[in-house]
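Here's the structure we're looking at; comments come further down.
Residue numbers (my numbering): 78 to 322.
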């Protein structure tokens with residue numbers, strides 16, 4: 078059982094470079110996120126934000142230092158175990174949503190539960206079936222399950238796709254939610270409405286949120302705002318990572 082007094086995210090003395098002969102793009106002495114905290118991470122384009130998310134999500138490994146997520150030191154896990162740890166413990170919201178066009182809305186939302194018995198068990202722990210929990214999450218995202226759950230995601234508007242992507246990240250109450258620029262395609266009014274929905278559901282599940290955005294105006298809605306350049310000892314990193322896979 079994890080100690081709830083310990084941070085859910087803990088990075089110590091991290092260094093990451095894309096090649097051993099290249100200068101590091103990230104050098105972070107200490108960065109932690111408390112359980113249940115909502116953290117806004119900001120930084121200019123190319124500053125290394127997505128690289129940092131990839132490290133926290135156990136997609137990349139640092140050349141030096143330690144990363145502990147939800148009590149688990151990631152360096153102790155082999156590749157397949159890291160992949161399983163990610164689907165069990167981390168919900169990801171991508172900038173481009175990454176919904177699978179050959180699956181229905183409901184199948185997209187339930188995707189992590191196909192690969193994680195832990196997520197499936199938590200999704201049904203309130204006595205709901207997986208389909209009922211899917212309907213509940215879609216409704217919480219202000220979507221009508223009866224109208225959209227059997228439709229292809231390509232038939233949805235951008236705003237609808239975004240909320241389906243969030244429902245997919247939230248199902249099974251993963252302890253950590255990572256959102257990478259999820260509001261970049263929305264206008265200011267839609268961004269705030271989206272945040273209100275996201276916060277409401279995260280509060281009910283008790284998850285922690287790490288949210289990345291260029292839009293500094295959103296920062297006031299969060300418990301804490303962190304500028305990557307304030308924690309990264311590298312002066313001008315070049316983030317070549319692209320989006321979280």
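Glycine included, each C-beta is placed from N, C-alpha and C at the ideal position.
C-alpha of residue 215 to C-alpha of residue 268: approximately 18 Å in a straight line. Of the other Cβ atoms in all chains shown, fewer than 16 fall within 10 Å of the Cβ of residue 82; this residue is therefore exposed.
Taking 9 Å as the cut-off, the beta carbon of residue 183 is found no closer than this to the beta carbon of residue 190. The continuous alpha helix (DSSP H) containing residue 165 extends over residues 156-166. Restricting attention to alpha helix (DSSP H) runs no shorter than 4 residues, the stretch 103-133 encloses them at 126-133, ordered along the chain.
Distance from residue 127 to residue 257 at the Cβ level is roughly 6 Å; contact confirmed, criterion being Cβ atoms closer than 8 Å. Residue 88 places its beta carbon less than 9 Å from that of residue 105. Cβ-Cβ distances below 7 Å link residue 272 to 295 and 298 in the same chain, with the five nearest sequence neighbours on each side left out; the list follows chain order. When the Cα atoms are used, residue 289 and residue 242 turn out to be separated by approximately 16 Å. Remark: three or more beta-carbon pairs, one from each stretch, lie closer than 8 Å, so the stretch 220-236 and the stretch 168-183 are flagged as touching.
Residues of the same chain with a CB within less than 7 Å of the CB of residue 100, apart from the 5 flanking positions on each side, are 94 in chain order. With respect to residue 102, residue 311 sits close: the two C-beta atoms are nearer than 9 Å. Note on geometry: alpha-carbon atoms of residue 244 and residue 140 lie some 34 Å from one another. Taking the C-beta atoms as reference points, residue 91 is found no nearer than 9 Å to residue 169.
For the 9 Å CB-CB criterion, residue 85 and residue 211 do not form a contact. Between the beta-carbon of residue 167 and that of residue 253 there is about 5 Å, and that keeps the pair under the 8 Å contact cut. When DSSP reads this structure, residue 92 sits in a beta bridge with 104 and 141.
In this structure, the beta-carbon distance from residue 259 to residue 239 falls below 9 Å. For residue 288, the enclosing beta strand (DSSP E) starts and ends at 285-289. Each of 248, 158, 276 and 309 was checked against the Cα of residue 206, and the nearest Cα belongs to 248. Sequence-distant partners of residue 195 (beyond 5 residues in either direction) whose C-beta falls short of 6 Å from its own C-beta, in its chain, are 165. The Cβ neighbour count for residue 291, taken over all protein chains shown within 10 Å, is under 16; the residue is labelled exposed.
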